[in-house]
Amino acid sequence: MALAFDEYGRPFIIIREQEQKTRLRGLDAQKANISAGKAVARILRTSLGPKGMDKMLQSPDGDVTITNDGATILEQMDVDSQIGKLMVELSRSQDYEIGDGTTGVVVMAGALLEQAEKLLERGIHPIRIAEGYEVASRIAFEHLEHISHKFEFSATNAESLVQTCMTTLSSKIVNRCKRSLAEISVKAVLAVADLERKDVNLDLIKVEGKVGGKLEDTELIYGIIVDKDMSHPQMPKQIENAKIAILTCPFEPPKPKTKHKVDIDSVEKFQTLRQQERKYFDDMVQQCKDVGATLVICQWGFDDEANHLLMNRNLPAVRWVGGVELELIAIATGGRIVPRFQELTPEKLGKAGLVREKAFGTTKDRMIYIEHCANSRAVTIFIRGGNKMMIEETKRSIHDALCVARNLIRNNSIVYGGGSAEISCSIAVEAAADKYPGVEQYAIRAFADALDAIPMALAENSGLQPIETLSAVKSQQIKENNTCCGIDCNDVGTNDMREQDVFETLIGKQQQILLATQVVKMILKIDDVISPSEY
Amino acid sequence: MAVERLFKDEATEEKGERARMASFVGAVAIADLVKTTLGPKGMDKILQSTGRGHSVTVTNDGATILKSLHIDNAAAKVLVDISKVQDDEVGDGTTSVVVLAGELLREAEKLVNAKIHPMTIISGYRMAAECARNALLEKVVDNKLDAEKFKTDLMKIAMTTLSSKILSQDKEHFAKLAVDAVMRLKGSTNLESIQIIKKPGGSLKDSFLDEGFILDKKIGVGQPKRIENAKILVANTAMDTDKVKIYGARVRVDSMAKVAEIEVAEKEKMREKVQKIINHGINCFVNRQLIYNFPEELFADAGVLAIEHADFDGIERLALVTGGEIASTFDNPESVKLGHCKLIEEIMIGEDRLIHFSGVEMGQACTIVLRGASPHMLDEAERSLHDALCVLSQTVIDSRVLFGGGWPEMVMAKAVDELARKTPGKRSHAIEAFSRALVAIPTIIADNAGLDSAELVAQLRAEHHKEESNAGIDVISGSVGDMADLGISEAFKVKQAVLLSATEAAEMILRVDEIITCAPRRREDRM
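Structural data, given as structure tokens:
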């Protein structure tokens, strides 16, 4: 540990209790960081691609998750190392921004770090490497733009969208019925999409799951599902042309916020109080009835008496509906959320064509479907599956597929998948490297090598000879000048990705390269790690 | 340069071969654990809970055994999960699904050791499962249109299901009970309306199906014990002192006289309420909440039968059965629907008095009263009967039927074997392995019965080589027999669910190449 001394020979205390802290400096720090980053990437490497393996994660409470979604694996992995956490953040930001390619981005960053390590050993300064990477990433970015294709789709012809979603889903455990899930996702996105503004609000798509049934029973519902049942078992189970009062006030006597007491000191008062109480309930139900509501959805609970009154006046009701669901219902039915009974007016009621209660399986599970809403722009994807793990994994996969479809609507450029885009970029970067004088040239070339890591991992996971396959594809790309050649993971027989209909979004790919480069730059710039020692 | 610790303390990571081995070992161990309970001669397990009292359960139901295990192995948890789902979905076959998944993994382990990639195994398994399912579909028998035959099918299925349980001695009796109960549901799968009441004493043979509704409650003191043409009001209301619900209300008085007055008013209020209830023109009142002595007395005076503290399920079921509605306010009697039944009486079962509602409007519900020597026996009997009821109610919806006794497994194995011969490439190894795993089930059934499994399965295979064979293992005589003659049948839906979920689970475990276990959450009260 370096110490500075003043003129009397006493050491300056620069860091408090510095003897108790471990500190890594210079090359050691960089190498330690790189190896940590590589370790994280190594874990995810085997999950890449359609033949990627899954990871089994056991949470602190003993619950088991099986997944191959990069973001989920990293999030639940309990990483302690600081650099490891950076990688976790990286995959998370890809998840937020794009929603797919979370594994790829980490593998990419790992490959970049690996290449950087070699350059460091040759004595190249980390900042120069970082600069070289920056230049190379810009070249790759532009090249991607160059090889991208626009592809056409419309609300009526969404086949190409479905194909893209299928590429995303094929790497997940749900690939057994990727076709139907992809169709569901595309339909859902198109239902809520604003094609003019090229905007999709994914909040309007609710993904619900219920254990039981088969994966094939998963369905898209143009409306909302609420995991609740009617407050009284004998209320009608089906309401057509429902007018819905959406309330956030309980069917209970009012509770003023200010402290107060009602003193009863005579029999008369006792009786008036009783009358009063009954009137409250009567009024509340009557107010709902007067505005013409045929269904009451309430955020709070009902008193037994109120419940029966509702039943008696033939006004079905649902209680304890969560805030988020309430909002969605309000959006879907075009109603207003009403906080006070006095403010109920006929205009504030939501409208839905059909509200019904549906029971599942041998157990006593019921859900309420609200369909044919006034504003059909809220949809629900209802997932069924063999067990809870399966449903959770399906939810994650559907989320990825939804994000992909959304990205395509925002920007309809695509690049071909199966590693073809990476290989093509690698060739372009390699070619551009020679034009740069100076040390950066090495870094740019290293970047090109790192780009090869993704097709290499794909080939490895598919049980192909990685180096042989990659070099064959690369030479084919150059020879035929065809940027669509990739790794034939599914053993179809052709490696032209255009024929296999494997493609990914342009922004997704671009984002991957940019994010990975940024994180690697950040890691390379660290030359001092100070961490508190064990206590 | 050593890699810094990536994970937190105590978090562990297992990779590649080790991870796969850990999951194989865990899953196979679980399968071996429940293996001995399979089939009509399967043995039971005693489960002792670690909770207070160390209560003991004796069972041979796979789902129940697995539910009570404390498992640390992640792969084993997947198997426990599929057995639970099988229980929820179809109710039976909970052991078979785990055993089949275990066998599939055992075979997969051999293939992995022979350097075949797990993904290849998975795709082979998928093809095989599809093929096996189609083979079954070709052989199913559907007797839905013929009511008479359908009923015998149901009887056979119920007897097959029950024969592996504790009820096997009286399986005919119980099969009849279960079929009758399910036929009354008329196609609905709502098993809630079949109520099972357990009363220790007597023998299993004394169990019976009651067409009415039995409520395990007592009739209030001094009230009529028998009512004909009862009009029933089902209610959920407080019949103690009615609370004032307005917030912050309290009673403040300054003299004893006032207290007395208020008390009178309170009593008056209750009297009024009771009067209102009686004004509905009822002669039976069932409440979910307590009925205090004072209102009970009032009811007795009016000659109304009052039953207190029925649980929520009981109330809902009663409302459903009698066609009344659950009321909480009593101001407008004309709009409240009352329930009806022909006769309410108190009956004795063993030493307990129960209330019996008979001649109810909606004939869907019924009650099965189980009798038996000990509570353990009754619990197990209930579980067995529940399995049978679940299977039957599912069969009513999907009436396709197969033979039992290892017959479906042999049919599937034959079809899968043929597929293996036709398939080129490494996948055929996986397909072959699938058929071996299928044959393991009749082998285990024979082993559990103490028979020479190698001999029997070989005979069975030879029988199945002929076209249209109905051969299966006849455990009772210890030989290969004709399943059609022996009347051993199983529901197609159960077999299909076993096949598909076992394959799915095996696939899920095979796909894993790394296990990361987080540090267990620390608990304050440990040690």
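Read top to bottom, the protein sequences are chains A and B.
Following the working numbering, the numbering of the first sequence begins with 1 at its first residue and continues without gaps.
Following the working numbering, the numbering of the second sequence begins with 1 at its first residue and continues without gaps.
Using N, Cα and C, we set each Cβ at its ideal position, and we do this for glycine too.
| Asked | Found |
| --- | --- |
| Whole-angstrom distance between F447 of chain A and N175 of chain A, CA atom to CA atom | 33 angstroms |
| Identified DSSP bridge partners for F357 of chain B | B:F213, B:I344 |
| Interface residues of chain A facing E316 of chain B [CB-CB closer than 8 angstroms] | P233 |
| Coarse secondary structure for I607 of chain B, derived from DSSP in three states | With chain B represented from 1 up to 527, any question about residue 607 of chain B goes unanswered, as that position is not in the structure. |
| Chain A contact for S328 of chain B (CB, 8 angstroms cutoff) | yes |
| Burial state of A431 of chain A, where buried means 16 or more other Cβ atoms lie within 10 Å | exposed |
| CB contact check: E305 of chain A to chain B, cutoff 8 angstroms | yes |
| Contact set for H54 of chain B: own chain, Cβ-Cβ below 8 angstroms, skip 5 residues either direction | Q48 |
| Residue from A:G419, A:G438, A:Q441 whose Cα sits closest to the Cα of S471 of chain A | A:G419 |
| Any C-beta of chain B under 8 angstroms from that of D217 of chain A | no |
| Buried or exposed (CB count within 10 angstroms, at least 16 for buried), E504 of chain B | buried |
| Per-residue DSSP class, three states only, for Y369 of chain A | strand |
| Between the CA atoms of T329 of chain B and K156 of chain B - distance to the nearest angstrom | 49 angstroms |
| Same chain only: Cβ atoms within 8 angstroms of T395 of chain B, ignoring 5 sequence neighbours per side | D153, L154, I157, V401, A491, K493 |
| Enclosing alpha helix (DSSP H) for G26 of chain A [first to last residue] | 26 to 45 |
| Cutoff 8 angstroms; reference F141 of chain A; Cβ partners in own chain excluding five residues on either side | Q510, I513, L514 |
| Secondary structure of F174 of chain B, DSSP reduced to three states | helix |
| Span separating the alpha-carbon of I476 of chain B from that of E409 of chain B | 19 angstroms |
| Outcome for M256 of chain B when other beta-carbon atoms lying within 10 angstroms are tallied against a minimum of 16 | exposed |
| Beta-bridge pairing of R274 of chain A - partner residues as DSSP gives them | DSSP output for R274 of chain A lists no bridge partner at all. |
| Other residues of its chain near E109 of chain B: CB distance less than 6 angstroms, five sequence neighbours each side excluded | F24 |
| Pair within 8 angstroms by beta-carbon distance, L305 of chain B and I227 of chain B | yes |
| Proximity winner among A:G486, A:V379, A:A433, A:T22, relative to L202 of chain A (alpha-carbon distances) | A:V379 |
| Below-8 angstroms beta-carbon distance, M77 of chain A vs any chain B residue | yes |
| Chain B contact for K172 of chain A (CB, 8 angstroms cutoff) | no |
| Enclosing beta strand (DSSP E) for N407 of chain A [first to last residue] | Taken as a continuous stretch (DSSP letters only), N407 of chain A belongs to no beta strand (DSSP E), being part of the alpha helix (DSSP H) at 388 to 410. |
| Contacts around D92 of chain B, its chain only, beta-carbon distance under 7 angstroms, and the 5 residues preceding and following it disregarded | T161, D387, C390, V391, V494 |
| Three-way DSSP call (helix, strand, coil) for Q58 of chain A in this model | strand |
| Buried or exposed (CB count within 10 angstroms, at least 16 for buried), F208 of chain B | exposed |
| Short Cβ contact (8 angstroms threshold) for G555 of chain A with N307 of chain A | The structure shown has nothing for residue 555 of chain A, since chain A only spans 1 to 535. |
| Residues that F302 of chain A bridges to, as DSSP identifies them | A:F251 |
| Counted within 10 angstroms of its Cβ, other Cβ atoms place A373 of chain B as buried (16 or more) or exposed | exposed |
| Separation of L169 of chain A from E393 of chain A, as counted between CA atoms | 11 angstroms |
| Alpha carbon of F251 of chain A to alpha carbon of N312 of chain A, nearest angstrom | 15 angstroms |
| Cβ pair V85 of chain B, V64 of chain A closer than 8 angstroms | no |
| Close Cβ partners of K560 of chain A (< 7 angstroms) along its chain, the five nearest in sequence each way excluded | Absent from the structure is residue 560 of chain A, since the part of chain A shown begins at 1 and ends at 535. |
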